[in-house]
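Engineer: Below is one structure. I have some questions about it.
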Amino acid sequence: MMQLRKNVFLLLLLSVFIFCARASSAPVGPSVDRDVADKPNILLIISDDQAWGDYSFMGHPHIETPHLDTLAHEGVTFQRGYVVAPLCRPSLASMVTGLHTIQHGIVGNDPAFKSRQKRWSRPWIAERARRNENLIRKIEQVPTLPRLLAGKGYVSLQTGKWWEGHYSRGGFTEGMTHGDYKRGGRHGDAGLTIGREGLSEITGFIDRAVDDGKPFFVWYAPFMPHAPHTPPERLEKKYLPKAPTPAIARYWAMCEWFDETCGELLTYLDEKGLRDNTIVAYVCDNGWIQSPDKPNKCEPRSKLSPYEGGIRTPIMIRWPAKVKPRMDTETLVSSIDLAPTLLRACGLAPTSAMQGVD
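Here it is, written out as structure tokens:
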């Protein structure tokens, strides 16, 4: 209990520090020309459980991330980015709403409850789903990025990690997650295959949007490099000689595998002629420090902690011909800045409740 109080105190202290530092500095959002396109497309890439330094462009000596490196140098990259929570569900909820956890009310993954049912039995899962419904309703009670963008004619696609039930409950017009607990719904279900098993759902959606003349918003939040760390054999073999342990080698390989999927999407945008008028934003949901001896497990002071290993992430925005490339190593920014920044870029005003900086 004392350790929990200490962690909460440290997280609150860091939040105050970031707020004060940003309030006293110049605007941190990317400078955009006044003649911007009225309705740019948006691709939001969200890594899952990745350490803030585990990229080539952030200085990692072994992990190779050539496609994210290119993205980092083609847009504005803030190396000192922070998420609002060191856990995926509240972190993702804040990204899609632009609100702090205390505002949208989603502060953890699964609801805490005591039950007489055996853990993971069908009755226990059903009870958890009933209690979880109270959390899912919270996302329906606040504006979300896809809902706000829909007001300007956008179509939107949810893929990957998504805790808030059926994709439509978050305002997406299309999606992969059904959210039905009777069919394994919890934190993404069918959506968790994206990236690991191809990207056809995204490319097909973009094809339809282009054919229909609609601007689009894609939520790409694959279960990568998140455990289970099951990279392609070719990548695992590549990192085994370099890593101190097999567990670390597999995690490093997952980081490169995720990077490859990002490269596929960026190449696809180029081939479709969508590069110049598509905003590509990048962030990680929370940190991760791989345990050297425990496969698929993290070390202390990473995920679930308010230390840098739990909440720091690079944050990138690329908008060719509209945003000048810049590598920022000093400015403090937050994932909560993404929603108002993207809305402004699309000609929409952030809601009065949003706490982020454009």
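Here numbering that gives the first Met the number 0 is used: the first residue of the sequence shown is 0, the next is one more, and so on.
Where is the CB? At the ideal position from N, CA and C, for every residue including glycine.
As the structure is a computational prediction, the values presented were derived from the model and not from experiment.
Grouping DSSP H, G and I as helix and E and B as strand, with all else coil, what is Glu173?
Structural biologist: Position 174 of the sequence shown, counting from 1, holds the residue named residue 173. Residue state, collapsed to three classes: strand.
Engineer: State the DSSP-derived secondary structure class of Ile135, mapped to helix, strand or coil.
Structural biologist: By one-based count along the sequence shown, residue 135 stands at place 136. Correct three-state label for Ile135: helix.
Engineer: Is Pro305 closer than 8 Å to Pro85 when the C-beta atoms are compared?
Structural biologist: On the sequence shown, residue 85 is found 86 positions in, with the first residue counted as 1. On the sequence shown, residue 305 is found 306 positions in, with the first residue counted as 1. Their beta carbons are under 8 Å apart, which means Pro85 touches Pro305 by this criterion.
Engineer: Given that a residue counts as buried once 16 or more other Cβ atoms are within 10 Å of its Cβ, and exposed if not, what is Ile138?
Structural biologist: In the sequence shown, residue 138 corresponds to position 139, counting from 1. Buried: at least 16 other Cβ atoms inside 10 Å.
Engineer: For the putative contact between Asp327 and Gln78, defined by C-beta atoms under 8 Å, what is the C-beta separation to the nearest angstrom?
Structural biologist: Here residue 327 corresponds to residue number 328 of the sequence shown, with the count starting at 1. Here residue 78 corresponds to residue number 79 of the sequence shown, with the count starting at 1. Sure, about 7 Å apart at Cβ, within 8 Å.
Engineer: Is the distance from the Cβ of Phe204 to the Cβ of Lys160 below 8 Å?
Structural biologist: In the sequence shown, residue 204 corresponds to position 205, counting from 1. In the sequence shown, residue 160 corresponds to position 161, counting from 1. Their beta carbons are not under 8 Å apart, which means Phe204 does not touch Lys160 by this criterion.
Engineer: Check the Cβ-Cβ distances between Lys271 and every residue of chain B, and say whether any is below 8 Å.
Structural biologist: No chain B is part of this structure, which consists of one protein chain only.
Engineer: Pair every Cβ in the region 240-249 with every Cβ in the region 171-180, then say whether three or more of these pairs are closer than 8 Å.
Structural biologist: no
Engineer: Leaving out five residues before and five after Glu329 in sequence, what residues of the same chain have Cβ atoms less than 8 Å from its Cβ?
Structural biologist: As a position in the sequence shown, residue 329 is number 330, starting the count at 1. Hits under 8 Å: Arg79.
Engineer: Using only alpha-carbon positions, find the residue among Trp318, Gln157 and Phe216 that is nearest to Leu148.
Structural biologist: Stepping through the sequence shown from its first residue, residue 148 is reached at position 149. Nearest option by C-alpha distance: Phe216.
Engineer: Classify Gly159 as helix, strand or coil using the three-state DSSP reduction.
Structural biologist: Along the sequence shown, read from residue 1 onward, the residue named residue 159 stands at position 160. Looking at Gly159 - three-state DSSP - the assignment turns out to be strand.
Engineer: Once you ignore the five residues that flank Val141 on each side, which residues in its own chain have a CB closer than 8 Å to its CB?
Structural biologist: Translated into positions along the sequence shown, residue 141 becomes position 142. Correct list, in chain order: Thr96, Leu98, Gln102, His103 and Ala352.
Engineer: For Val322 and Ile314, which I take to be in contact (beta-carbon distance under 8 Å), what is that distance rounded to the nearest angstrom?
Structural biologist: Taking the sequence shown and counting its residues from 1, the one referred to as residue 322 is at position 323. Taking the sequence shown and counting its residues from 1, the one referred to as residue 314 is at position 315. Incorrect: roughly 13 Å between the Cβ atoms, too far for contact.
Engineer: Please report how far the alpha carbon of Leu268 lies from the alpha carbon of Thr202, in whole angstroms.
Structural biologist: One-based indexing of the sequence shown puts residue 268 at position 269. One-based indexing of the sequence shown puts residue 202 at position 203. C-alpha separation (whole angstroms): 9 Å.
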